[in-house]
Amino acid sequence: MQRGLTLVELLITIAISAILLSVAAPSFQSFILNSRISTISEQLYKTLHMARSEAIRRGTNVTVCSSNSYTACDGANWGDGWIVWEDSNQNAAVDADEIIKAQSNTGSTATLSNGEGILSMTYLANGFLNIPPGNRRTFTVCDGRSNEEGRQVVVQSFGYTTTLAYTCT
Numbered sequence: 013m014q015r016g017l018t019l020v021e022l023l024i025t026i027a028i029s030a031i032l033l034s035v036a037a038p039s040f041q042s043f044i045l046n047s048r049i050s051t052i053s054e055q056l057y058k059t060l061h062m063a064r065s066e067a068i069r070r071g072t073n074v075t076v077c078s079s080n081s082y083t084a085c086d087g088a089n090w091g092d093g094w095i096v097w098e099d100s101n102q103n104a105a106v107d108a109d110e111i112i113k114a115q116s117n118t119g120s121t122a123t124l125s126n127g128e129g130i131l132s133m134t135y136l137a138n139g140f141l142n143i144p145p146g147n148r149r150t151f152t153v154c155d156g157r158s159n160e161e162g163r164q165v166v167v168q169s170f171g172y173t174t175t176l177a178y179t180c181t
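What the sequence shown shows, in this note's numbering, is residues 13 to 181, in sequence order.
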């Protein structure tokens, strides 16, 4: 005797699957967007931590700057990417052999912004930022959704970096 599904059973199964997918799809889309925000903020956090460590280890200044080309400090938008470099010859220009790390963020829908208009940050040999004491630099990662959770990467003048939850506007 052959057993199988009747047409009615198959249609009911397809209808239940469609209902479940229509409920799960928006949640999954939100999960993907939140993951992109998390990824960019973690990449920046790790880069800043590495730059500070390299400044201390090398005993010299290490700069992190926004970059479109990933070979020079030429970016106005941190969301496109950044580079980490040490000015070993003290010419205030990025030379090919001075780049420690380059990071690209192209293709992401999340945006990384710095409301202070900072295009570069320099860590001193002691791990402090080259900014007045008590100041800090804040980067915000959001996407097009308003009132959704984003992330902020905050760097204190003494070099300590944290990542915080932030409500995007």
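By construction, the Cβ of each residue, glycine as well, lies at the ideal position given by its N, Cα and C atoms. Quantities reported herein were computed from a predicted structural model and do not represent experimental measurements.
- Selection 171, 101 and 89 evaluated against residue 134 yields 171 as nearest (Cα-Cα).
- For residue 137, there is no enclosing alpha helix (DSSP H), as DSSP marks it with neither H nor E.
- Between residue 179 and residue 145, the alpha-carbon positions lie close to 27 Å from each other.
- Distance between residue 38 and residue 32, taken at the CA atoms: about 11 Å.
- Given a length threshold of 3 residues, each whole run of the beta strand (DSSP E) inside the stretch 139-169 is given here in chain order: 148-154 and 161-168.
- In the three-state reduction of the DSSP assignment, residue 130 falls in the coil class, being assigned neither a helical nor a strand state.
- For residue 98, the number of other beta carbons within 10 angstroms of its own is at least 16, and it is reported as buried.
- Relative to the Cα of residue 130, the nearest Cα in the group 147, 155 and 177 belongs to 147.
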